[in-house]
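Chains as they are written, first to last, in my numbering: chain A, -19 to 355; chain B, 12 to 79.
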Amino acid sequence: MPDRLTRFFASRTGIILAGAAIGVLAPLLQRLGNPANMGICVACFERDIAGALGLHRAAAVQYIRPEIIGFVLGAMLAAHAFGEFRARAGSAPIVRFVLGIFAMVGALAFLGCPWRATLRLAGGDLNAILGLVGLTAGIAVGVEFLKSGYNLGRAQKTYTAVGWILPLLMVGFLLLLLGKPTFSPGGPIFFSTSGPGSMHAPLLLALGVGLFVGMLAQRTRFCTMGAIRDLILMRETHLLSGLAALLAAAFFANLLLGQFRLGFSPQPVAHSSHLWNFLGMALSGLAFTLAGGCPGRQLFLSGEGDGDAAIFVMGMIVGAGFAHNFALAGSPDAVVDGILRTGGLTPYGMGAVILGLAACLLIGLTMREKIGKGA
Amino acid sequence: MTTVDARGLSCPQPVLLARKAIDAGQFPIQVLVESVTSRENVRRMAEKAGCRVAVAEVGAEFRLTLSK
Chain A
-19 MPDRLTRFFA
-9 SRTGIILAGA
1 AIGVLAPLLQ
11 RLGNPANMGI
21 CVACFERDIA
31 GALGLHRAAA
41 VQYIRPEIIG
51 FVLGAMLAAH
61 AFGEFRARAG
71 SAPIVRFVLG
81 IFAMVGALAF
91 LGCPWRATLR
101 LAGGDLNAIL
111 GLVGLTAGIA
121 VGVEFLKSGY
131 NLGRAQKTYT
141 AVGWILPLLM
151 VGFLLLLLGK
161 PTFSPGGPIF
171 FSTSGPGSMH
181 APLLLALGVG
191 LFVGMLAQRT
201 RFCTMGAIRD
211 LILMRETHLL
221 SGLAALLAAA
231 FFANLLLGQF
241 RLGFSPQPVA
251 HSSHLWNFLG
261 MALSGLAFTL
271 AGGCPGRQLF
281 LSGEGDGDAA
291 IFVMGMIVGA
301 GFAHNFALAG
311 SPDAVVDGIL
321 RTGGLTPYGM
331 GAVILGLAAC
341 LLIGLTMREK
351 IGKGA
Chain B
12 MTTVDARGLS
22 CPQPVLLARK
32 AIDAGQFPIQ
42 VLVESVTSRE
52 NVRRMAEKAG
62 CRVAVAEVGA
72 EFRLTLSK
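As structure tokens, this is what we get:
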């Protein structure tokens, strides 16, 4: 029976089911309180966690998001249930940490991960097109590195306890969320009282959705970066059908829930600075490709015991701290006194995206094994 | 007989290495992988490329034998 289930989840029907489930659940979470076009956003939610911990002090984006906790723990439960939990680590961890930092810098320049880019498009936000085109461009560059021998080397089997570190950290986050302790006057733990960080679906519901999506994604290996990478690299559309299902399901869910607004500006928690939407996501796409998974996939892998994916996750959380402390994150378009003010990046943010692209190109260029020399 | 040792390598390396071996055409090809994900990915690619795929579980690892 487990084998038959495994084959079902590995099938095209399985991946379409996973994408469609995320596509329906994210707009529902938005309906239940999550920020607009941000029913689920892995990058934004990790950024909110970084804020709650005080790693950055942007008051509008601080909350311990139970969805992220659920993703890791759900994946861990599924991996255990099917005998797939394998503790492994040691494939260039420092590189993965750096890639995580720059993946987050790019995502926060655009204001979203690939999941949110897709959800934004499904909500009518046309800026997401620039983001998704940028994402594809970044992945295409990464694919060129893969073709020319780029890889970060083998992971080693390790102690089971190593695989438990990120899941246990998530349990710790859950305790902080439930107990809401204040470590010094005023916090941390910080919880936004206004802005996106203050908007959230009921805790148990969000956690439940997180667990469910975590389990489903672990079984089906849902990955947004992999969807585009496999198409470019191998003309393989398996994962892409999951991403397409997410887009289609979220589009119809938004229509039904009255959450669809077509246009460029102003869109919720989004800016219409086209070049930086493109370049921000290009940076993220390249970093994801070099690290082997989108931010969601890295969480699910962490739940399966992958210590290298866990390092990437930590890199993203630290990257969120840098992004807000150093004013690198994009600021959304806003209507002030009836006048539309276009948001976008500060010069520091632009510099960080360029620096990130340069760093990723260097990683891609310098970490290649000679083709034919074995792997 | 070709052997591809893809143990410890993460996505998409096992698939890329297996495909390179298929292109080289020295059948049968043995592919060693550690994770169920890699097993399913290599199986999917190989079947699409017209190979027969036999899977054996060896301890905590998998050995796929690809033949034409």
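Idealized CB from N, CA, C, for every residue including glycine.
Determine, for residue i, whether the minimum Cβ-Cβ distance to residues of chain B falls below 8 Å.
{"i": "residue 131 (chain A)", "result": "yes"}
{"i": "residue 60 (chain A)", "result": "no"}
{"i": "residue -10 (chain A)", "result": "yes"}
{"i": "residue 134 (chain A)", "result": "yes"}
{"i": "residue 64 (chain A)", "result": "yes"}
{"i": "residue 218 (chain A)", "result": "yes"}
{"i": "residue 259 (chain A)", "result": "no"}
{"i": "residue 214 (chain A)", "result": "yes"}
With 8 Å set as the bound, which would you pick, yes or no: does the beta-carbon of residue i sit closer than that to a beta-carbon of chain A?
{"i": "residue 37 (chain B)", "result": "no"}
{"i": "residue 74 (chain B)", "result": "no"}
{"i": "residue 56 (chain B)", "result": "yes"}
{"i": "residue 61 (chain B)", "result": "no"}
{"i": "residue 77 (chain B)", "result": "no"}
{"i": "residue 14 (chain B)", "result": "no"}
{"i": "residue 47 (chain B)", "result": "yes"}
{"i": "residue 21 (chain B)", "result": "yes"}
{"i": "residue 68 (chain B)", "result": "no"}
Helix or strand or just coil, what does DSSP make of residue i?
{"i": "residue 350 (chain A)", "result": "coil"}
{"i": "residue 297 (chain A)", "result": "helix"}
{"i": "residue 68 (chain A)", "result": "strand"}
{"i": "residue 137 (chain A)", "result": "strand"}
{"i": "residue 224 (chain A)", "result": "helix"}
{"i": "residue 13 (chain B)", "result": "strand"}
{"i": "residue 7 (chain B)", "result": "This structure leaves residue 7 (chain B) out entirely; chain B is present only between 12 and 79."}
What are the boundary residues of the beta strand (DSSP E) that includes residue i?
{"i": "residue 240 (chain A)", "result": "Residue 240 (chain A) -> no beta strand (DSSP E), and no H or E assigned at all."}
{"i": "residue 74 (chain B)", "result": "72 to 78"}
{"i": "residue 40 (chain B)", "result": "40 to 44"}
{"i": "residue 48 (chain B)", "result": "No beta strand (DSSP E) contains residue 48 (chain B), which is instead part of the alpha helix (DSSP H) from 47 to 59."}
Let me know if residue i comes out buried or exposed under the rule of 16 or more other beta-carbons within 10 Å of its beta-carbon.
{"i": "residue 35 (chain B)", "result": "exposed"}
{"i": "residue 200 (chain A)", "result": "buried"}
{"i": "residue 317 (chain A)", "result": "exposed"}
{"i": "residue 297 (chain A)", "result": "buried"}
{"i": "residue 194 (chain A)", "result": "buried"}
{"i": "residue 182 (chain A)", "result": "exposed"}
{"i": "residue 284 (chain A)", "result": "buried"}
{"i": "residue 331 (chain A)", "result": "exposed"}
{"i": "residue 161 (chain A)", "result": "exposed"}
{"i": "residue 313 (chain A)", "result": "buried"}
First and last residue of the alpha helix (DSSP H) that includes residue i?
{"i": "residue 198 (chain A)", "result": "183 to 200"}
{"i": "residue 10 (chain A)", "result": "-8 to 11"}
{"i": "residue 204 (chain A)", "result": "204 to 214"}
{"i": "residue 30 (chain B)", "result": "24 to 35"}
For this session: Starting from the N-terminal side, write out each stretch of the alpha helix (DSSP H) that is 4 residues or longer and does not extend beyond the region 30 to 108 of chain A.
Result: 46 to 61, 73 to 90 and 94 to 102
Problem set entry | Runs of beta strand (DSSP E) wholly within the region 242 to 323 of chain A (minimum 3 residues, chain order) | 314 to 316 and 319 to 321
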